[in-house]
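Student: Residue numbers (the UniProt record's numbering), protein chains in the order written: chain W, 1 to 203; chain Z, 1 to 203. Using N, Cα and C, we set each Cβ at its ideal position, and we do this for glycine too. Everything numeric in this text was worked out from a predicted model, so none of it was measured.
Protein chains: 2
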Amino acid sequence: MSTLKKQYHHGDLTKSLLESAALIIKEQGVESLSMRKLADVVGVSRTAPYHHFKDKNALLCALAEQGFYEQEKILNNLIAQKQSGEKSFTQYVHLYLGYAQQHSETYDLMYGRAIWKAGEPNDALKAVSKRTFKVWIEWVEVLQDQKVLTDTNTPLRIGQTTWASLHGLARLIIDGIYLEQSDLSEMIDQMVKNLCIDSSTCA
Amino acid sequence: MSTLKKQYHHGDLTKSLLESAALIIKEQGVESLSMRKLADVVGVSRTAPYHHFKDKNALLCALAEQGFYEQEKILNNLIAQKQSGEKSFTQYVHLYLGYAQQHSETYDLMYGRAIWKAGEPNDALKAVSKRTFKVWIEWVEVLQDQKVLTDTNTPLRIGQTTWASLHGLARLIIDGIYLEQSDLSEMIDQMVKNLCIDSSTCA
DNA sequence: CTCTTATCTTGACAGTGTCAAAATTTAAAT
DNA sequence: ATTTAAATTTTGACACTGTCAAGATAAGAG
Numbered sequence: 001m002s003t004l005k006k007q008y009h010h011g012d013l014t015k016s017l018l019e020s021a022a023l024i025i026k027e028q029g030v031e032s033l034s035m036r037k038l039a040d041v042v043g044v045s046r047t048a049p050y051h052h053f054k055d056k057n058a059l060l061c062a063l064a065e066q067g068f069y070e071q072e073k074i075l076n077n078l079i080a081q082k083q084s085g086e087k088s089f090t091q092y093v094h095l096y097l098g099y100a101q102q103h104s105e106t107y108d109l110m111y112g113r114a115i116w117k118a119g120e121p122n123d124a125l126k127a128v129s130k131r132t133f134k135v136w137i138e139w140v141e142v143l144q145d146q147k148v149l150t151d152t153n154t155p156l157r158i159g160q161t162t163w164a165s166l167h168g169l170a171r172l173i174i175d176g177i178y179l180e181q182s183d184l185s186e187m188i189d190q191m192v193k194n195l196c197i198d199s200s201t202c203a
Numbered sequence: 001m002s003t004l005k006k007q008y009h010h011g012d013l014t015k016s017l018l019e020s021a022a023l024i025i026k027e028q029g030v031e032s033l034s035m036r037k038l039a040d041v042v043g044v045s046r047t048a049p050y051h052h053f054k055d056k057n058a059l060l061c062a063l064a065e066q067g068f069y070e071q072e073k074i075l076n077n078l079i080a081q082k083q084s085g086e087k088s089f090t091q092y093v094h095l096y097l098g099y100a101q102q103h104s105e106t107y108d109l110m111y112g113r114a115i116w117k118a119g120e121p122n123d124a125l126k127a128v129s130k131r132t133f134k135v136w137i138e139w140v141e142v143l144q145d146q147k148v149l150t151d152t153n154t155p156l157r158i159g160q161t162t163w164a165s166l167h168g169l170a171r172l173i174i175d176g177i178y179l180e181q182s183d184l185s186e187m188i189d190q191m192v193k194n195l196c197i198d199s200s201t202c203a
């Protein structure tokens, strides 16, 4: 309760664990994040983290959750600022792929098999991911009205496929299949053209 | 050398290891494939596999390699049978995603981070993946001539982005983000329309 | 039959996730 | 202020992982 919130035991272990874990995965990749090493970095015994996160999966879920908050913020910011639909969408594509590139490990947790297949997404994660997707779909509907995205199908379907395309590019970047920035930038431009109705105004 | 090829030690351990490993990842996922359990299944001691594969990464590379042979075969078959470009392409999309769905673990090895980022693709794997991609790009050029895919960019770029879109859908299926077959089938149809020039003839 | 080489096994080490029980520190109750 | 209850952390343990080094075994060559 004093100015330094560290009078008791560790202070806020939960927070420290998340921060250190985020740093570790960012710098060394998610496969070299171990509960024991994490505990050691934070300066606590091997099993201390287990009183703040049920297990490793729960920790990973929490990290992924933070990623969704970030992504939701990006989306809402773009939707809020009222510029032309084409510009907004093009910008979103770049922001989305930029995020995937710069926070590749978090992105992988958000959508990768570690949690969604090998592990088990917890309720909080399922909730925020669902909510973020909903924001996206609602924006797709607007973009359809603005003739930026095709309206030959429901917002849900167009949102699903459009996002799948972005996701595919993101994964190729993340998994290290395309690395040269020159290829990447041209691929992103072409992808925008693929996704927009009017490929001349987008890009 | 007799009818039962098992006179000496094991027979063909390399082959047995690959077969059993393929079975294990297919039925239980790649994360529950361990060198020790694999050795046990094949009926050999823990370290015997290490005389046939340098390490676990090498084993995974070999499994991925087989996947590429399969995929190359699919591609070549489709290219060989001369039917309309639209039909061929549509069929390819379905075959591609069908493969991803039915051999999801192998697909993950082929393009996933386990090998390409966390691990290290060996020379054989790099070679066959490159070759498969080349076959794809050459077919894209044909599809562009047939006005199935857009020719507003080079075969390489269009091939990259088109494949990225397919890959994205494949990953969503594999990582368990979309599971209901009803959604899936409609998403695939919509994706085909997105990728083709003439969305009315494709689908 | 001996020797070389290919193949496989045993032993060992460091690392992992996580459970159970004990210890400690803090906050609440009297 | 002293006792009590709760929150927090630690120690010990177990089963599992990948993989190295050294020894054992078996196959084929001479």
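How about Glu105(Z) and Arg157(W): do their beta carbons lie closer than 8 Å?
Tutor: Within the second sequence, residue 105(Z) is the residue found at index 105, counting from 1. Within the first sequence, residue 157(W) is the residue found at index 157, counting from 1. Going by C-beta atoms, Glu105(Z) is not nearer than 8 Å to Arg157(W).
Student: Would DSSP call Leu33(W) helix, strand or coil?
Tutor: On the first sequence, position 33 is the one that residue 33(W) refers to. It is coil, neither helix nor strand.
Student: Identify, in the order they occur along the chain, each residue of the same chain with its Cβ nearer than 8 Å to the Cβ of Met191(Z), setting aside the five sequence neighbours on each side.
Tutor: Residue 191(Z) sits at position 191 when you count from the first residue of the second sequence. The answer, listed in chain order, is Val93, Ser165, Leu166 and Leu169.
Student: Taking 8 Å as the cut-off, decide whether the C-beta atoms of residue 205(Z) and Trp116(Z) are in contact.
Tutor: Only positions 1 to 203 of chain Z appear in this structure, which leaves residue 205(Z) out of reach.
Student: Note down the Cα distance separating Ala58(W) from His51(W), rounded to an integer number of angstroms.
Tutor: The count along the first sequence starts at 1 and reaches residue 58(W) at position 58. The count along the first sequence starts at 1 and reaches residue 51(W) at position 51. When rounded, the distance between both Cα atoms is 11 Å.
Student: Mind checking whether Val148(W) and Ile197(W) have CB atoms under 8 Å apart?
Tutor: Here the question's residue 148(W) lines up with position 148 in the first sequence. Here the question's residue 197(W) lines up with position 197 in the first sequence. Closer than 8 Å, so yes.
Student: Going by the CB atoms, is the gap between Leu109(W) and Leu63(W) shorter than 8 Å?
Tutor: Within the first sequence, residue 63(W) is the residue found at index 63, counting from 1. Within the first sequence, residue 109(W) is the residue found at index 109, counting from 1. Yes, Cβ-Cβ distance for Leu63(W) and Leu109(W) is below 8 Å.
Student: If I follow the unbroken alpha helix (DSSP H) through residue 204(Z), where does it start and stop?
Tutor: Lying outside 1 to 203, the shown extent of chain Z, residue 204(Z) is not represented and no answer is given.
Student: From Ile173(Z) to Ile177(W), what does the alpha carbon distance come to, in whole angstroms?
Tutor: As a position in the second sequence, residue 173(Z) is number 173, starting the count at 1. As a position in the first sequence, residue 177(W) is number 177, starting the count at 1. If I take the Cα positions, the gap works out to 19 Å.
Student: Mind checking which residues open and close the alpha helix (DSSP H) that includes Glu98(Z)?
Tutor: Taking the first residue of the second sequence as 1, we reach residue 98(Z) at position 98. Reading off the sequence, residue 98(Z) comes out as Gly, not Glu. Segment Gly85 to Gln102, the alpha helix (DSSP H) holding Gly98(Z).
Student: Is Arg113(Z) helix, strand or coil when you go by DSSP?
Tutor: On the second sequence, position 113 is the one that residue 113(Z) refers to. It is helical.
Student: How many whole angstroms separate the CB atoms of Gln160(W) and Gly85(W), which I take to be in contact at a CB cut-off of 8 Å?
Tutor: As a working mapping, residue 160(W) is identified with position 160 in the first sequence. As a working mapping, residue 85(W) is identified with position 85 in the first sequence. In fact, because the Cβ distance is near 19 Å, the residues do not count as touching under 8 Å.
Student: For Ile137(Z), which residues from the same chain have a beta carbon less than 8 Å from its beta carbon, with the 5 sequence-adjacent residues on both sides left out?
Tutor: Your numbering for residue 137(Z) matches position 137 in the second sequence. Contacts found: Pro155, Leu156 and Gly159.
Student: Please list the terminal residues of the continuous alpha helix (DSSP H) segment that includes His167(W).
Tutor: To locate residue 167(W), count along the first sequence from 1; it is residue 167. Unbroken alpha helix (DSSP H) run through His167(W): Pro155 to Ile174.
Student: Output needed for Ile25(Z): all residues of its chain with C-beta closer than 6 Å, excluding positions within five of it in sequence on either side, in chain order.
Tutor: Residue numbering aside, residue 25(Z) sits at position 25 when the second sequence is read from its first letter. The residues are Leu33 and Glu105.
Student: May I have the straight-line CA-CA distance separating Arg46(W) from Glu19(W), to the nearest angstrom?
Tutor: Within the first sequence, numbered from 1, the residue matching residue 46(W) stands at position 46. Within the first sequence, numbered from 1, the residue matching residue 19(W) stands at position 19. When rounded, the distance between both Cα atoms is 17 Å.
Student: From Gln71(W), Leu23(W) and Asn153(W), pick the residue whose C-alpha is nearest to that of Lys130(W); which is it?
Tutor: The count along the first sequence starts at 1 and reaches residue 130(W) at position 130. For the residues Gln71(W), Leu23(W) and Asn153(W), the minimum Cα distance to Lys130(W) belongs to Gln71(W).
Student: Gly112(W) touches chain Z at which residues, Cβ-Cβ below 7 Å?
Tutor: The residue labelled residue 112(W) in the question sits at position 112 within the first sequence. The answer, in chain order, is Asp175.
Student: Using 8 Å as the limit for Cβ to Cβ distance, is His94(Z) near chain W?
Tutor: Numbered from its first residue, the second sequence carries residue 94(Z) at position 94. For His94(Z), the answer is no, since every Cβ of chain W falls outside 8 Å of its Cβ.
Student: Within 10 Å of its beta-carbon, does Tyr69(Z) have 16 or more other beta-carbons around it, so buried, or fewer, so exposed?
Tutor: Your numbering for residue 69(Z) matches position 69 in the second sequence. Counting Cβ neighbours within 10 Å, Tyr69(Z) comes out exposed, since fewer than 16 surround it.
Student: Asp40(W) touches chain Z at which residues, Cβ-Cβ below 7 Å?
Tutor: For this step, residue 40(W) is matched to residue 40 along the first sequence. None at all; the shortest Cβ gap to chain Z is about 21 Å.
Student: Can a CB atom of chain Z be found closer than 8 Å to the CB of Glu86(W)?
Tutor: Taking the first residue of the first sequence as 1, we reach residue 86(W) at position 86. Answer no: the Cβ-Cβ gap between Glu86(W) and chain Z never drops below 8 Å.
Student: Quick check on DSSP: helix, strand or coil for Ser16(W)?
Tutor: Numbered from its first residue, the first sequence carries residue 16(W) at position 16. If DSSP states are grouped into helix, strand and coil, Ser16(W) belongs with the helices.
Student: Return the chain-ordered list of same chain residues with a C-beta closer than 8 Å to the C-beta of Thr132(Z), the five sequence neighbours on each side being excluded.
Tutor: Mapped onto the second sequence, residue 132(Z) falls at position 132. Here the set comprises Phe68, Gln71, Glu72 and Leu75.
Student: Taking only beta-carbon positions, decide if Arg131(W) is within less than 8 Å of chain Z.
Tutor: Counting from 1 along the first sequence, the entry for residue 131(W) is found at position 131. Arg131(W) does not count as touching chain Z.
Student: Could you check which residue in Trp163(Z), Lys54(Z) and Leu143(Z) has the C-alpha nearest to that of Lys87(Z)?
Tutor: Taking the first residue of the second sequence as 1, we reach residue 87(Z) at position 87. When each option's Cα is compared against that of Lys87(Z), the closest is Leu143(Z).
Student: Quick one: Cα of Lys15(Z) to Cα of Gly43(W), how far?
Tutor: Against the second sequence, residue 15(Z) aligns to sequence position 15. Against the first sequence, residue 43(W) aligns to sequence position 43. Answer to the nearest angstrom: the Cα atoms are 47 Å apart.
Student: By DSSP, does Thr201(W) sit in helix, in strand, or in coil?
Tutor: As a position in the first sequence, residue 201(W) is number 201, starting the count at 1. Three-state DSSP puts Thr201(W) in coil, outside helix and strand.
Student: Give every residue of the same chain whose Cβ lies closer than 7 Å to the Cβ of Glu120(Z), excluding the five residues on either side of it in the sequence, and list them in chain order.
Tutor: Position 120 of the second sequence, counted from the first residue, corresponds to residue 120(Z). Taken in chain order, the residues that qualify are Asn57.
Student: Tell me which same chain residues have a C-beta within less than 7 Å of the C-beta of Leu60(Z), skipping the five on either side of it?
Tutor: Indexing the second sequence from 1 puts residue 60(Z) at position 60. So the qualifying residues of the chain are Leu109, Ala114, Ile115 and Gly119.
Student: Less than 6 Å between C-beta atoms, sequence neighbours within five positions excluded: which residues of the same chain meet that for Glu141(W)?
Tutor: Taking the first sequence and counting its residues from 1, one reaches residue 141(W) at position 141. The answer, listed in chain order, is Pro155.
Student: Determine the direct distance from the alpha carbon of Lys82(Z) to that of Leu95(Z), and round the result to whole angstroms.
Tutor: Within the second sequence, residue 95(Z) is the residue found at index 95, counting from 1. Within the second sequence, residue 82(Z) is the residue found at index 82, counting from 1. Spanning the two alpha carbons is a distance of roughly 17 Å.
Student: Leaving aside the five residues before and after Tyr99(Z) along the sequence, list all residues of the same chain whose C-beta is less than 8 Å from its C-beta, in chain order.
Tutor: Locating residue 99(Z) in the second sequence gives position 99, where the first residue counts as 1. Glu70, Gln71, Ile74 and Tyr107, listed in sequence order.
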